[in-house]
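Colleague:
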Amino acid sequence: MNDYILSFSYLCNEKIRWMELIRNFCIIAHIDHGKSTLADRLLEYTGTIAITDSQVLDDMDLERERGITIKSHAIQMQHMLDGKKYVLNLIDTPGHVDFSYEVSRSIAACEGALLVVDSTQGVQAQTISNLYMAIDHDLEIIPVINKIDMPNAMPEEVEDEIVELIGCAREDIIRASGKTGEGVDKIIEAVIKHVPAPKGDAAQPLQALIFDSIFNPFRGIITICKIENGCIHQGDKLKFVQTGMEYTADEVGVLKMDMCPCQSLSTGEVGYVISGIKEATEVKVGDTITHKERPCAHGIAGFQEVKPMVFAGVYPIDPSEYENLRASLEKLQLNDASLTFMPESSQALGFGFRCGFLGLLHMEIIQERLDREFNMEVITTVPNVSYMVHDKQGNKLEVHNPSGLPELTNIDYIEEPYIKANIITATEYYGPITKLCLDKRGELINQQYVSGNRVELHFSMPLGEIVIDFYDKLKSISKGYASFDYVVDSYQPSKLVKLDILLNGDSVDALSTLTHQDNAVAFGRRMCEKLKELIPRQQFDIAIQAAIGSKIVARETVKQVRKDVLAKCYGGDVSRKRKLLEKQKKGKKRMKQVGNVQVPQNAFLAVLKLD
């Protein structure tokens, strides 16, 4: 018995010594500040990959085409310092506000973060947002100024901004270049010296936090997790705390350029577990893995539950593809936990799903991934936000779809979500940006000068006004220099009306939208004009109308395609011509009764870009 206690304590001491050599850290920054390029230089410096020009961690075609990071990517590096071999687990994160949930999941699995700031642009809105997220999780922050090799770099001014932002000493800020590799050695050294080793107890029951998952058609669902306490060995019987499902660990391993199997994962390590799970619904990001025989007392407090900001209907072009679309969305949800969906039906489009997204770019990316990865052709309806409807009986109903609104006579008032927007820009664009926000029913809360000619503006705005084209307009007005970030604040009462689009008197529910009373008539008129351009001509007139309740506020007509029935009548009595025209008129009338108007996909998309 004494020998067993000695061997167990020896094993625990070995695990503690091993944990002291582990560093888990992520890279956080605003979009296009050079995170992925800097990650490549870190991988090259540690000998994980050969020298390359491409961004290795951005392995999705969409990421390479658009030059943005969409998914967080975990990878393990090893580095010798002072005679010790350290294991560095790096997670590269996205920078766009629409993928902030990916950042929050990555931060939950780390003890430190590299805060990367572009030396040509300085501190931006998403830099501040991600920094506060990291501080909330008590991460050790290592400030890095990137792109110092650029001719228009302003390292001194940017250092002033960082010192003012996080209160660090000027000498703590590392100057680096993701292009040339300058300063990479200092970053690795700072990570080893300043990021704390993971805390945990190898002798405690297993607790592993799932922060990502991948679907593999041959091996099932691969869960990516961080071991907070205990160890996982190959062949262990596992239990998922939230779902209560039980599995066997067929394979465990660490993430390098490829998945590298090993015998076990111990406390503090980041790795993967393959358990032969086939159903996408059985794995939840944020769940805790424990042992079946020796379970933990409670699950790990995961990251914040995702709350979608934008809702849109997604329908298969071919109705028979409905079940395939469901399976595709479930597999996408594994890889992107911020996507939510529920079944719905439309008179115009049949059966589909009401999907929740974090923003318009997120919606666009999901649509692209459905097409590329699953070969699913879909129609996406006009996006909208969730509204809180209060009826005259005192009941409250959350509505994600205009067709879900109760009868107008039963509605007491409608509340819409408001956000606190944070915009950082140069002072020369102050006027046009303020006008843009005020036109979107925004209200200026306060403003402060960050440094030199840069100003930070805080607005309170309705979320529904920014989901469609606000970000594009902001970038155009500021010539790409303004940065934007927001958090949802509260629901506030608003004068909202439901705008219906009618084609030949029939409502197209997929084009219905909720909009502010002051903008409804102008918006309806623009929609009618746009649809007139896009709907193909038929052999009968098509009346396009915008209506608020029973009141028609705008109308356009797509003229019919006509055959010249008088072409052969080059003479004779006028009554003969009238007879032919009357015959044609009757045929057109009959055709109109039985004809259906086909609305093309680009008509739904065009509504997003009305201005």
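Going by this note's numbering, the sequence shown opens with residue 2, and the numbers climb by one from there. Ideal Cβ placement from N, Cα and C applies to all residues, glycine included. All values reported here derive from a predicted model rather than from experimental measurement.
1. S551 to C111, Cα distance in whole Å?
2. Could you give the residue range of the beta strand (DSSP E) that holds E417?
3. Where are the beta strand (DSSP E) runs, 3 residues long or more, that stay fully inside the segment 287-359, in chain order?
4. Using beta-carbon positions only, say whether N153 and V117 come within less than 8 Å of one another.
5. Between V286 and A338, is the Cβ-Cβ spacing less than 8 Å?
6. Taking T381 as part of the alpha helix (DSSP H), name the residues at either end of that continuous run.
7. Measure the C-alpha to C-alpha separation of R176 and M151 and round it to an integer number of angstroms.
8. Here's the rule: buried if 16 or more other CB atoms are within 10 angstroms of the residue's CB, otherwise exposed. What is H299?
9. K463 bridges to which residues according to DSSP?
10. Is it right to say M20 is buried, meaning 16 or more other beta carbons lie within 10 angstroms of its own, or is it exposed?
11. Within the continuous alpha helix (DSSP H) that includes S37, where are the two ends?
12. Look up K584 in the DSSP assignment and say whether it is helix, strand or coil.
13. For C438, which of R455, F485 and Y414 has the nearest alpha-carbon?
14. In terms of DSSP beta bridges, what is Q493 paired with?
15. Using 10 angstroms around the beta-carbon of V379, count the other beta-carbons present and answer buried if the total reaches 16, otherwise exposed.
16. Which residues share a DSSP beta bridge with S508?
17. When burial is assigned at 16 or more other CB atoms within 10 Å of the CB, is T107 buried or exposed?
18. Can you grab the Cα-Cα spacing for the pair A422 / T128, in whole Å?
19. Since D263 is in the beta strand (DSSP E), which residue starts that stretch and which ends it?
20. Is T516 helix, strand or coil by DSSP?
21. For K436, count the other beta carbons within 10 Å of its own beta carbon; 16 or more makes it buried, fewer makes it exposed. Which is it?
22. Taking all protein chains shown into account, do 16 or more other C-beta atoms lie within 10 angstroms of the C-beta of T428, making it buried, or fewer, making it exposed?
23. Would you check if the segment 453-468 and the segment 503-513 touch, i.e. whether three or more CB-CB distances between them fall below 8 Å?
24. Under the three-state reduction of DSSP, which class applies to A522: helix, strand or coil?
25. So which of V315, D319 and I92 has the shortest CA-CA distance to F212?
26. Using the three-state DSSP reduction, which class does V104 fall into: helix, strand or coil?
27. So, helix, strand or coil for M78, using DSSP?
28. Find the nearest neighbour of E190 within the set N447, Q79, T382 and K584, judged by alpha-carbon distance.
29. On the CB-based measure, 16 or more other CB atoms within 10 Å of its CB, does N25 come out buried or exposed?
30. Measuring alpha carbon to alpha carbon, tell me which residue in T382, Y431, K200 and T224 is nearest Q449.
31. Are Y414 and H391 close, meaning C-beta to C-beta below 8 Å?
32. How many angstroms separate the CA atom of A198 from the CA atom of F219?
33. Check whether the Cβ atoms of F471 and S387 sit closer than 8 Å, and answer yes or no.
34. Can you check which of these residues, I478, L359, R171 and L409, is closest to P433 by C-alpha distance?
35. Starting from the C-beta of G525, find all residues in its chain whose C-beta is less than 6 Å away, skip the five residues before and the five after it, and write them out in chain order.
Modeller: By the coordinates alone:
1. 57 Å
2. I412 to A427
3. 289-292, 311-317, 341-347 and 351-358
4. no
5. yes
6. Taken as a continuous stretch (DSSP letters only), T381 belongs to no alpha helix (DSSP H), being part of the beta strand (DSSP E) at V379 to T381.
7. 12 Å
8. exposed
9. The identity of residue 463 in the sequence shown is Pro, whereas the question assumes Lys. Answer by DSSP bridge pairing, in chain order: Y419.
10. buried
11. K36 to Y46
12. helix
13. F485
14. E417
15. buried
16. L503
17. It should be noted that the sequence gives Ser, not Thr, for residue 107. Burial call: buried.
18. 14 Å
19. Contrary to the premise, residue 263 reads as Cys rather than Asp in this sequence. Start and end: M260 to C263.
20. strand
21. exposed
22. exposed
23. no
24. In the sequence on display, residue 522 carries Val and not Ala. Three-state DSSP puts V522 in a helix.
25. I92
26. helix
27. strand
28. Q79
29. buried
30. Y431
31. yes
32. 36 Å
33. no
34. I478
35. L500, A547, V554 and A555
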